[in-house]
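Accompanying notes for the structure given below.
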Amino acid sequence: MNYRTRERLSSGLAYGYVAICCSIMLLPFGVIFFRSITAGRTTELTLDNYANIVGHFWPRVGVSASIAVATLIIDVLVAIPAAFSLTRYSFRFRRAIYLVLTAVWYIPGISYALALILSLYFVYKPLLNFWGFVAAYSTGFFPIMLLSCMVAFRQLDPAYEEAASCLGAGRLRTFGRITLPLIGPGVSAGVLLTFVLSLNEFITALLLGQPTAILTAPVKVFDDISHAGMHGWVAAEAASLQIISFVACLIYLRLVGTRYLKGVVLI
Amino acid sequence: MLLAPSITLVVMFFIVPFVFLFTVSLTRRETFFFTPDYTFANYIKTWDSYGFEFQITLGMAAAAAAVDVVLGFPFAYIMIRKVRRFGDLFRSILLVPLFGELYIAFGLYYLFLPQGPLAFVFEALGIQVFEALYSLPSAVAALAIFTFPFAVLQIGVALNQVDTVLEESAKCLGASSLRTLYKVTIPLTSPGIVSGWLMAFGWNIGAYAIPVLMGGVAVGQNVLSVKIRSVALLMMNFGLASALAVTLVLVGAATSYFSTRMSRGALL
């Protein structure tokens, strides 16, 4: 075997491996999607399953989406100043603060959900409604927003800010006119991830759903799987949620690309 | 000043709930709503009668995380060193498992059903479909798909920091590709491998839908996330549920601590 064939063979193997891994990751979605567009035992294609869920499922998606939007607004407002001070200034306990702020990311979901539900029952009673979900999600997904914003600030050359302040702009003006527009795309990575994760969040919603009587879309999907079984319309529910997440990701990747996702969730 | 809102958020909805969780875990069920009297009974019970649950949960999470690392290392290596074309496509596909374990569980559950799309394959091979579906290995496989991106991310970050000059010089000095991999690349990326395993492990122990749908009765009803929910919300024994949850967090924290020690602090 000469050098070129060996080179070709090894790169073919490499691409093959990556492609197999990727298809395994796409497999569950493919299966759900396939089930949602077929009717019963036949392989005839139909959209009936999607038509059947309009009345009872889309209101749930509406609830989930409004929780997700409220969550990401809070997270953006809270994370940008925090990321700014964590990347631009050095002060005592900086690493400790960073660890505390991101610790929730490493806690098993069920433990966090139980801790939260107990404190909502006995301490924050007024939040035992829509806002309880928002509080839970915005704390739970805060690390990913913070991380995205920090990546954005690190990729931004401080020279621009220095130039602005040399030219006489105040700190606030520099931040509003220079820093914010430049980190926008980076923050949007956090916005995308927070939206997709909160839309699909399951375990916290499962525990919080009981006392608040709010049924989010993923919990509805889970209930239907466990009670109704593998019907086409259940698959259509799950597929619609995934399609929304897919479309959100595709729009983002079209507009911004993978640049700001690297180091946050992608290599 | 700028940190104030984030610290408020985290203290209010992260620190306070956990302090509360710990306090509740020390109360007795009967006195919980009145004047709590404090006791370690819940922890003793956790130790005495939930050993099997811990074993199954942690074993499953550890196995799935190990699968992630073993399959994720070549994936990350290829993505960083070899792939030029379609790189962004492959990267974007890594986002899909993050949509949630629920869909992975659902998709695979349907795939292995008797009337599912793979039924004819199982029939041809003569495998009993229910054996294939309701078992520990399929739960491990599903969890491995779920946390694959986390392992790849951590390993990839570490690989990115390895200077390729070191690998090239190993090769110049006569080491084969395989030897270079074992003697240079893997030791240099070991902190990333450890943290990738850890992150996958941490997410796996909190999983709920995958063990319930994929694990069958034996696994699905005995995984800690399911146990905690049923003890808390169906049996209303918040003390015991809290003790289980606290123990789970402590196990996770201890694992992180020891791996940090083992990777000589390179993790953070």
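So the protein lines, in turn, are chains A and B.
Heads up, the first sequence is in my numbering, so the first residue is 1 and it goes up one at a time.
Heads up, the second sequence is in my numbering, so the first residue is 1001 and it goes up one at a time.
Think of the CB as a built atom: it goes at the ideal place given N, C-alpha and C, for glycine as much as any other residue.
Shorter than 7 Å from the beta carbon of residue i to some beta carbon of chain A?
i: V952/B; result: As displayed, chain B neither begins before 1001 nor continues past 1268, which places residue 952/B out of reach and without an answer.
i: I1220/B; result: A small correction: the amino acid at residue 1220/B is Gly; Ile does not occupy that position in the sequence shown. Cβ-Cβ to chain A under 7 Å: no for G1220/B.
i: R1264/B; result: Note that R1264/B scores 47 on pLDDT, short of 50, meaning its location in the model is unreliable; the coordinates nonetheless yield the value given after this. By this cut-off, R1264/B is not an interface position.
i: R1091/B; result: yes
i: S1006/B; result: yes
i: A1243/B; result: no
i: S1225/B; result: yes
i: G1215/B; result: no
i: I1193/B; result: no
i: K1272/B; result: Missing from the structure shown is residue 1272/B; chain B here goes from 1001 to 1268 and no further.
i: K1249/B; result: Residue identity check: residue 1249/B is Val in the sequence provided, not Lys. True, the Cβ-Cβ gap to chain A drops below 7 Å.
i: A1139/B; result: no
i: P1211/B; result: no
i: I1078/B; result: yes
i: V1121/B; result: no
i: D1088/B; result: yes
Determine, for residue i, whether the minimum Cβ-Cβ distance to residues of chain B falls below 7 Å.
i: Q155/A; result: no
i: M150/A; result: no
i: G55/A; result: no
i: A236/A; result: no
i: F175/A; result: no
i: A135/A; result: yes
i: N200/A; result: yes
i: G109/A; result: yes
i: M25/A; result: yes
i: S245/A; result: yes
i: A14/A; result: yes
i: V31/A; result: yes
With H, G and I counted as helix, E and B as strand and the rest as coil, what does DSSP make of residue i?
i: K262/A; result: strand
i: T1027/B; result: strand
i: Y1182/B; result: helix
i: L1102/B; result: helix
i: Y98/A; result: helix
i: Y1038/B; result: strand
i: F1112/B; result: coil
i: S1190/B; result: helix
i: F70/A; result: Reading the sequence as shown, one finds Ala at residue 70/A and not Phe. Helix at A70/A.
i: P108/A; result: coil
i: M1012/B; result: helix
i: Y89/A; result: coil
i: A79/A; result: helix
i: L1125/B; result: helix
i: S1176/B; result: coil
i: L1002/B; result: coil
i: L1268/B; result: Per-residue confidence for L1268/B stands at a pLDDT of 37, beneath the threshold of 50, marking its modelled position as unreliable; no derived number is given.
What are the start and end residues of the alpha helix (DSSP H) that includes residue i?
i: Y124/A; result: First-last for Y124/A: undefined, no H or E at that position.
i: A1061/B; result: 1051 to 1081
i: P1149/B; result: 1136 to 1161
i: L241/A; result: 232 to 255
i: S1169/B; result: 1164 to 1172
i: A217/A; result: 217 to 227
i: I214/A; result: That residue, I214/A, is in no alpha helix (DSSP H); it is neither H nor E in DSSP.
i: R1091/B; result: 1087 to 1093
Give the straight-line distance between the Cα atoms of residue i and residue j, rounded to the nearest whole angstrom.
i: L261/A; j: A248/A; result: 14 Å
i: A1175/B; j: E1167/B; result: 9 Å
i: I10/A; j: V1083/B; result: Note on identity: in this sequence residue 10/A is Ser, with Ile being the wrong assignment. When rounded, the distance between both Cα atoms is 12 Å.
i: N200/A; j: C1172/B; result: 50 Å
i: T194/A; j: T1039/B; result: 40 Å
i: Q1161/B; j: T87/A; result: 20 Å
i: C21/A; j: M1060/B; result: 21 Å
i: L1058/B; j: H227/A; result: 28 Å
i: I37/A; j: F1090/B; result: 26 Å
i: A238/A; j: Y3/A; result: 49 Å
i: A1062/B; j: G1252/B; result: 11 Å
i: F1258/B; j: V234/A; result: 43 Å
i: I32/A; j: R1179/B; result: 43 Å
i: I1210/B; j: Y50/A; result: 25 Å
i: I24/A; j: F1099/B; result: 15 Å
i: A217/A; j: P81/A; result: 32 Å
i: L241/A; j: A135/A; result: 22 Å
**Report entry** Segments assigned alpha helix (DSSP H), at least 4 residues, entirely inside the segment 1 to 59 of chain A
**Finding:** 3 to 36, 48 to 52
Query raised in the report: Mind pulling the beta strand (DSSP E) runs of 3 or more residues that sit fully within the segment 134 to 207 of chain A?
Result: none
**Report entry** Those runs of the beta strand (DSSP E) which lie wholly inside the segment 1195 to 1247 of chain B and span at least 3 residues
**Finding:** none
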